[in-house]
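Those protein sequences? They're chains A and B, same order as listed. So the first sequence is numbered by the working numbering: it starts at 50 and just counts up by one. So the second sequence is numbered by the working numbering: it starts at 50 and just counts up by one.
Protein chains: 2
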Amino acid sequence: MPQAFELQAKKLPKQARSKATFDALIEACTLVLQSHGYAGTTTNHIADTAGVGIASLYEYFPGKDAIVAKVIERMNERVLTNLAKRAFNLRELPKEELMQAWLEQIYRCLLEEQPLLRVISYEVPYSEQVLNSHEMPQRLLQFSELLEYGAMEVLPQKQSKESMYLIVNLVVSSLTQLVVNPPPGLDAQAVIEELSKKMNQWVFGP
Amino acid sequence: MPQAFELQAKKLPKQARSKATFDALIEACTLVLQSHGYAGTTTNHIADTAGVGIASLYEYFPGKDAIVAKVIERMNERVLTNLAKRAFNLRELPKEELMQAWLEQIYRCLLEEQPLLRVISYEVPYSEQVLNSHEMPQRLLQFSELLEYGAMEVLPQKQSKESMYLIVNLVVSSLTQLVVNPPPGLDAQAVIEELSKKMNQWVFGP
DNA sequence: TAGTAATCCTAGTAATTACTTGGATATACT
DNA sequence: AGTATATCCAAGTAATTACTAGGATTACTA
Numbered sequence: 050m051p052q053a054f055e056l057q058a059k060k061l062p063k064q065a066r067s068k069a070t071f072d073a074l075i076e077a078c079t080l081v082l083q084s085h086g087y088a089g090t091t092t093n094h095i096a097d098t099a100g101v102g103i104a105s106l107y108e109y110f111p112g113k114d115a116i117v118a119k120v121i122e123r124m125n126e127r128v129l130t131n132l133a134k135r136a137f138n139l140r141e142l143p144k145e146e147l148m149q150a151w152l153e154q155i156y157r158c159l160l161e162e163q164p165l166l167r168v169i170s171y172e173v174p175y176s177e178q179v180l181n182s183h184e185m186p187q188r189l190l191q192f193s194e195l196l197e198y199g200a201m202e203v204l205p206q207k208q209s210k211e212s213m214y215l216i217v218n219l220v221v222s223s224l225t226q227l228v229v230n231p232p233p234g235l236d237a238q239a240v241i242e243e244l245s246k247k248m249n250q251w252v253f254g255p
Numbered sequence: 050m051p052q053a054f055e056l057q058a059k060k061l062p063k064q065a066r067s068k069a070t071f072d073a074l075i076e077a078c079t080l081v082l083q084s085h086g087y088a089g090t091t092t093n094h095i096a097d098t099a100g101v102g103i104a105s106l107y108e109y110f111p112g113k114d115a116i117v118a119k120v121i122e123r124m125n126e127r128v129l130t131n132l133a134k135r136a137f138n139l140r141e142l143p144k145e146e147l148m149q150a151w152l153e154q155i156y157r158c159l160l161e162e163q164p165l166l167r168v169i170s171y172e173v174p175y176s177e178q179v180l181n182s183h184e185m186p187q188r189l190l191q192f193s194e195l196l197e198y199g200a201m202e203v204l205p206q207k208q209s210k211e212s213m214y215l216i217v218n219l220v221v222s223s224l225t226q227l228v229v230n231p232p233p234g235l236d237a238q239a240v241i242e243e244l245s246k247k248m249n250q251w252v253f254g255p
């Protein structure tokens with residue numbers, strides 16, 4: 050299992066043509082991950098799906114893990130962008146409805162990425178090869194920016210470090226779970242309502 | 050990647066000698082998983098570490114995933130057994146201290162499995178090959194028995210389905226995260242205290 | 001103690017897969 | 001137009017790895 054230890058793309062595409070193959074490769078990798086899982090994703094298959102030669106893949110990425118890392122990066126960007134858009138509309142809401150609306154928006158953003166998020170959460174190994182070491186070391190906290198963004202709006206007063214850690218962790222992991230592994234016999238909407246009730250108790254106190 | 054789709058051991062060991070190799074293989078697999086990660090765990094390496102021939106492994110397991118599944122199963126059994134022992138002492142505690150004590154016990158049980166738990170959580174792919182399909186379909190809820198056990202003692206009144214789902218999910222995922230990926234700059238004990246405060250608010254109401 | 005079944009091991013094989021080589025083709029630049 | 005450079009690809013290779021065949025050894029049984 051000879052693996053490259055570089056993480057970044059070998060070189061950045063300069064011409065428009067190569068930018069297209071670069072993107073096609075990332076898009077193809079996304080598709081293959083969704084349909085075949087991490088273990089079933091081979092570099093040859095990615096290149097085939099993208100419609101380019103295998104060597105082109107290695108022109109831009111040092112190895113399989115690098116391109117998968119890029120796919121994750123792109124997904125994170127999409128989620129954050131979407132959330133920023135959606136969260137903008139929450140400003141006018143009254144305090145009582147804010148928490149639930151906020152949680153719903155996060156849920157929907159995650160839901161849009163469901164098939165990919167599922168593979169990333171359950172199959173892609175969490176290792177230095179895949180995630181840059183300077184990044185947030187917790188996969189669950191990849192979305193922490195997203196939360197800090199919303200948290201400013203939602204949280205009434207400054208929370209302790211421990212409280213903040215728990216809030217971020219709970220919200221992200223609960224909603225991710227709900228998306229990736231919906232509990233049979235439970236309605237997602239109802240779970241979110243229940244969660245927002247509890248979170249309101251949490252942040253506003255008894 | 051030819052994989053067997055059976056899950057159970059091919060045959061159960063009948064003589065004492067084979068029971069020993071059976072256990073040695075599982076123990077070896079545990080060690081190799083801890084030291085080399087899931088991807089770096091090969092069947093040959095497992096057999097070597099166990100001190101038996103590779104064919105002996107295939108005598109008792111249809112493939113790599115089957116033995117890994119068995120390792121997970123054994124870990125779950127250990128955790129549940131330990132918790133049952135520890136939880137027994139909680140009966141006399143007053144209501145106010147019960148929640149925190151309960152969370153601490155779960156935390157410690159998980160902490161004892163830290164190296165293995167880390168690999169299982171982050172690297173072992175979550176697939177039908179690894180987890181029996183008749184088992185709880187959520188990995189996080191593998192420990193749900195554990196929680197229901199404690200919950201009877203801790204929860205004051207019957208909770209709604211949604212509430213129960215969230216409580217189980219939150220407790221397990223929070224404590225697992227805390228064990229597997231301790232947040233830098235935060236004290237685990239302090240986080241547990243904070244969590245138990247909030248959980249008390251949730252279940253006892255405002 | 002002989003026969004039979006269980007257990008084990010050595011030495012493979014076949015298939016997969018990450019990755020490279022060397023040259024062809026397209027693009028940019030002057 | 002002509003040259004340099006960027007981009008692409010077909011056809012490999014070398015290493016890994018899951019898994020097996022066939023026979024040797026050990027333990028039960030009568």
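Note that the Cβ used here is the ideal one computed from N, Cα and C, for glycine as well.
For the set Tyr109(B), Met213(B), Tyr107(B), Tyr87(B), the Cα lying nearest the Cα of serine 170(B) is the one of Tyr87(B). Counting C-beta pairs with one atom in each stretch, the region 121-135 of chain B and the region 94-106 of chain B have fewer than three that are closer than 8 Å, which means they do not touch. Per the coordinates, the alpha-carbon of tyrosine 175(A) lies some 15 Å from the alpha-carbon of glutamine 163(B). Ranked by how close their Cα comes to the Cα of glutamate 243(A), the residues Tyr214(B), Thr90(B), Arg127(B), Ala150(B) have Tyr214(B) in first place. Taking a contact to require three or more Cβ pairs closer than 8 Å, the region 138-151 of chain A and the region 143-150 of chain B do not qualify as touching.
Considering only Leu159(A), Ile216(A), Glu153(A), the residue with the shortest C-alpha distance to valine 229(A) is Leu159(A). The DSSP-derived three-state label of tyrosine 156(A) is helix.
Within the region 66-97 of chain B, contact with chain A at the beta-carbon level (separation under 9 Å) is assigned to Gly86, Tyr87, Ala88, Gly89. Classified as exposed, glycine 89(A) has fewer than 16 neighbouring CB atoms from the shown chains inside 10 Å of its CB. For the region 206-217 of chain B, the set of positions with a beta-carbon nearer than 8 Å to some beta-carbon of chain A reads Ser209, Lys210, Glu211, Ser212, Tyr214, Leu215 in chain order.
Residues of chain A whose Cβ lies closer than 7 Å to the Cβ of alanine 150(B) do not exist, since the nearest Cβ in that chain is about 18 Å away. Counted as a single uninterrupted DSSP element, the alpha helix (DSSP H) harbouring arginine 123(A) occupies residues 113-136.
Taking CB atoms only, glutamate 172(A) has a neighbour in chain B less than 8 Å away. When DSSP states are grouped into helix, strand and coil, leucine 166(B) belongs to the helix group. Contact between the region 215-223 of chain B and the region 216-227 of chain A is present: 3 or more CB-CB pairs across the two stretches fall below 8 Å.
Secondary structure of glutamine 250(A) (DSSP, three-state): helix. If you look at arginine 66(B), you'll find it in the alpha helix (DSSP H) that goes 65-85.
In the DSSP assignment, leucine 106(B) falls within the alpha helix (DSSP H) that extends over 103-109. Secondary structure at asparagine 93(B): helix, using DSSP grouped into helix, strand and coil.
When the beta-carbon positions are compared, alanine 115(A) and threonine 98(A) stay at least 8 Å from each other. Judged by their CB atoms, tryptophan 251(B) and lysine 247(A) are nearer to each other than the 8 Å cut-off. About 10 Å separates the beta carbons of alanine 133(A) and glutamine 154(A), which is beyond the 8 Å limit, so they are not a contact pair.
Under the three-state reduction of DSSP output, tyrosine 175(A) falls in the coil class, being neither helix nor strand.
Rounded to the nearest whole angstrom, the C-alpha separation of valine 128(B) and arginine 167(B) is 14 Å. A direct Cα-Cα distance of roughly 13 Å separates alanine 96(A) from alanine 69(A). A check of alpha carbon separations from proline 111(A) across Thr92(A), Val101(A), Gln83(A), Met148(A) identifies Thr92(A) as the nearest.
Taking a beta-carbon distance threshold of 8 Å, alanine 239(B) counts as an interface residue toward chain A. Secondary structure at serine 209(A): coil, using DSSP grouped into helix, strand and coil. Taking a 10 Å sphere around the C-beta of glutamate 211(B), we find 16 or more other C-beta atoms and assign the residue as buried. Between the C-alpha atoms of glutamate 172(B) and valine 81(B) there is a straight-line separation of about 13 Å. Look at glutamate 145(B): its C-beta is not under 8 Å from any C-beta on chain A.
With respect to the 8 Å criterion, alanine 239(B) and leucine 227(B) are not classified as neighbours on the basis of their beta carbons.
The C-beta distance from valine 117(A) to alanine 73(A) rounds to 16 Å, too long to meet the 8 Å contact threshold. With fewer than 16 other beta carbons inside 10 angstroms of its own, threonine 130(B) counts as exposed.
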